[in-house]
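Reading through the C-alpha cells given below for one structure.
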Amino acid sequence: MEAHSYINSKYHFLSHFFHVSKMGLTVVLLLLIIVGSILQSYWFFKKSYRFFDENHFPTLKPTFVFGNLGDAITFKKSLALTIYDLYNKLEAHKFAGLYMLHRPFVMIRDAELIKNILIKDFVYFRDRGIACKEDAEPLNNNLLRIDGDRWKSLRVKLTPIFSPNKMKLMFVPIQENSKKLVQILNSTKGESFDMKELSERFTTDVIGNCAFGIETRALENPDSIVREMGKRIFEFRYQTLIRHLFPHLPSILVKIFKLTYLNKIVESFFIKMLRETIEQREKSSVSRKDLLELLIALKNETSDIYPNKDVEQFLSQINDNNVKNETGLTMDLIIAQCYLFFAAGFETSSSSLGYVMLELALNKNVQNTARNEIIKVLSENGGEITYDSLKDMTYADMVIAETLRKHPPAGFLLRKCTKSYQIPDTEAIIPQNTLIFISIYGVHMDRKYYEKPEQFYPEHFEEEARNKRPKCAFIPFGDGPRNCIGERFAKLEIKIGMIHMLMNHSFDVSPQMKLPLEYNYDSTLGLMSVKGGIWLRCQKI
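Here my numbering is used: position 197 in the sequence shown is 197, and no number is missing along the way.
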C-alpha cells in the first residue's frame, strides 16, 4: 500500500493529464507517428544515397530529400542550368552517379562515352524514360514520349517525311514567310523590337504552312490565337513539374489533383484544330505536298517508306532490319505527331533564330562576313536564293552551328538504361531502368572540345576544327537513332530566315537588351530560353 501511494504521489500528474484531456493520448500518438515517419524517411533516403558508393561510381554528396537537384526543385535555377552546374563540379570524372530526390541517375560527361550511349551501344539506351500511358493524354503519344517497339515502328514511318527531297518541298513556303518577315523589319524604322517575339511569329507561320497547310497569320497579327496557344505550351505549371518528378503516380491521384503534363485548354485547342484540318484535307482533292499530307498518306497506306536511304540508315544504326508494324497511324497518332512538330518548331527554332540574330548584332565582323558571303552566292545565281545555292553558304552554316553550340535549344538529353550496362574499361555497372543525363550545355562549353567556349567564334566549325573534335562534342539535336527527327527542317528554317534578314538589314543591339544573358528559371522541360526577350534594332541596307 505504501508503494502504491508513493507511485501515485510521484506520477499523479500523468494520470491527471490523461484524465483531464482525452486528446492527450491522441496527441502523443500523432507525435510518435510523425517522428517515426521522419526517421523512416531519413533512413530510406540515407539507404538510397548509398547506392553509388557500393557500385564503383564517383558521386557528389546529396542533400536530404532533394538529392543533387535541389536548385531545380526549389526553383533557384532551371533544370538545364542545375545539370550544367553538376557537370562542372565533376570535371575530374568521365561519369558520375547522382540523385533526383531518392532516385539514382547517371551523368555522362565524356564525348566518347556519350557516343557509346547515343550511337554505339544504343540498344541499351533507346528509351528516353519519359513515356506516358497511351490513353492518359492523347497529345503525349508522340515520337518524343513513346518508347520501345512503338517508338521504333513510328520512327521508321516518320523518317521519310524529313528526307532531303521532302525538305526541298518546304523551301518555297519558308521563302515566302521570310519575305513577310523582312516587311515587318522594314516597319520598325530603327526602333527597338523583340527578336524572340518576332521569331515566334515567323516560326508559327512557317510551321502552319509547311506542316498543316494553314494560314496562321502570326506575322500580320501578333495576337494570333495559334501563336498564343504555342506560347502557353511552354508556360510553367506546377502540375507538369510534379509529373516529371513523380512519373509513376497512381492514376487516382493524377485525376483528383489534375496533374496533367499539358494545359487542358491548350490540349483541347490543338486537338480540335488539327482534327478539323485533317478531316477537311481528307475530303478535299487539293494536293499540298506538306507534312500533313505525307502523314495522311501513311495513315491510308498510300505511301511506301521503302526504298529510303534515311530509313535504311536508321535500321542499320539500331541493328534491326525487322521492324514490326506495332504502330498503325490512326487519326489520334497523326494529331499527336502534328502537335509535336508544332511545339518543337515553335519554341526551339524561334529561340535559335533569335540567338543567331543577337550574336550577329553583338559581333559585327561576323555579321559582315556572313552578309558578304550571301551577296557573293546571290551574284553567282542571278540574284536569287535557290535551294541548291544554300549549300554554298558555308559560313552561314558555321554561324548557325556556333549559335547552337553556345545557345543549345535544350540544355540536356535524357535516356533510360533498358538493360544493365557496364561502362567500358571500368567496374561500374549502370543498372536497368536507371536514368542517364547528358548536359548538352556542359559539353558545348567544355574547353576540352572548344578553343574559346565563352566567345562566339564560328571558326569552331571550320573543317579542320570539326575533324579534331570527337563526334559527340556537338549535340544540339542529340545524335544517333533517337536524335531530333526535325533537325533538317529546323536548320533550313533558321538559315533561310537569317539570309533574308541579312540581305536587307544591318543589326545592332538595343539599349533595352539585358546583358549578360539570363535564362528563365521556370522551365521544367530543360529548354534554354532567354529572360526578358532579345531586343535589337535594324537599319535597311
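Don't be surprised by glycine CBs; every beta carbon is placed ideally from N, CA and C.
Short Cβ contact (8 Å threshold) for residue i with residue j
i, j, result
"T203", "F346", "yes"
"I146", "I436", "no"
"L292", "A343", "no"
"I278", "I252", "no"
"G480", "L79", "no"
"I430", "V123", "no"
"L527", "G129", "no"
"L185", "R201", "no"
"V206", "E451", "no"
"T426", "H56", "yes"
"V254", "I233", "no"
"S507", "L360", "Correcting the residue type first, residue 507 is Phe in the shown sequence and not Ser. Yes."
"I161", "L329", "no"
"F489", "M170", "yes"
"E137", "Y261", "yes"
"R469", "Y449", "yes"
"L30", "I423", "no"
Simplified DSSP assignment, three categories, for residue i
i, result
"P173", "helix"
"Y339", "helix"
"F581", "What the structure shows of the chain is the stretch from 1 to 541, and residue 581 is not part of that stretch, so it cannot be assessed."
"I305", "In this prediction, I305 scores a pLDDT of 49, lower than 50, which makes its location untrustworthy; no coordinate-derived value is stated."
"G533", "coil"
"F412", "strand"
"L527", "strand"
"T386", "coil"
"S351", "helix"
"Q512", "coil"
"K540", "strand"
"N504", "helix"
"F44", "helix"
"T59", "strand"
"G67", "strand"
"Y49", "coil"
"F257", "coil"
"D194", "strand"
Own chain residues within Cβ distance below 6 Å of residue i, not counting five before or after
i, result
"D85", "none"
"D71", "K77, T82"
"K471", "K115"
"Y544", "Residue 544 lies beyond the range of the chain shown here (1 to 541); nothing can be said about it."
"Y306", "Reliability of the predicted coordinates at Y306 is poor, the pLDDT of 46 falling under 50, and the value obtained from them is presented with this limitation in mind. So the list is empty, once near-sequence residues are dropped."
"H102", "F45, S48"
"L259", "Q239, I242, R243"
"G533", "D194, K196"
Which listed residue (the options) has its alpha carbon closest to that of residue i
i, options, result
"I385", "H500, Q512, I83", "H500"
"L404", "K491, C417, R482", "K491"
"I438", "R217, F125, S41, S48", "F125"
"F66", "N363, K46, L31, Q337", "K46"
"K196", "L358, T330, P58, N186", "L358"
"N433", "K468, T418, L154", "T418"
"A111", "K120, N55, L362", "K120"
"M542", "Y238, F236, F269, L259", "The structure shown does not extend to residue 542, since the chain spans only 1 to 541, so no value can be given for it."
"L143", "I485, H505, G497, L515", "I485"
"N177", "N483, K495, E380, S506", "K495"
"F412", "L154, F474, Y395", "F474"
"K391", "K406, G382, I374, H407", "I374"
"P458", "I34, K231, V356", "V356"
"K353", "L29, L198, W43", "It should be noted that the sequence gives Leu, not Lys, for residue 353. Nearest option by C-alpha distance: L198."
"K168", "G478, D290, V226", "D290"
"Q539", "F341, T369, Q183, K514", "Q183"
"K157", "F51, N300, N365", "N300"
7 Å CB neighbourhood of residue i in its chain, flanking five on each side removed
i, result
"I214", "G208, T277"
"K531", "E518, Y519, N520"
"F461", "M398, A401, E402"
"P453", "M445, D446, R447"
"I541", "N504, H505, S506"
"L298", "K157, L329"
Same chain only: Cβ atoms within 8 Å of residue i, ignoring 5 sequence neighbours per side
i, result
"S192", "S510, P511, Q512, W535, L536, R537"
"L90", "P58, L60, A96, M107, R109"
"S351", "K196, S199, H407, P409, L527, M528, S529, V530"
"Y395", "T369, A370, E373, P458"
Cβ-heavy atom distance, residue i to the ligand FAD, below 7 Å
i, result
"I214", "You won't find the ligand FAD in this model; it holds no ligand whatsoever."
Residue-chain proximity (residue i, chain C), Cβ-Cβ < 8 Å
i, result
"I335", "Structure shown: chain C not included; a single protein chain is present."
Notebook entry, point to check: Which ranges would you report for the beta strand (DSSP E) in the region 83 to 165 if only whole runs of at least 3 residues count?
Noted result: 95 to 100, 103 to 108
Checklist line | Entirely enclosed alpha helix (DSSP H) segments - the region 211 to 249, minimum 4 residues | finding: 225 to 233, 238 to 245
Checklist line | Uninterrupted beta strand (DSSP E) stretches inside the region 427 to 480 (no shorter than 3 residues) | finding: 435 to 439
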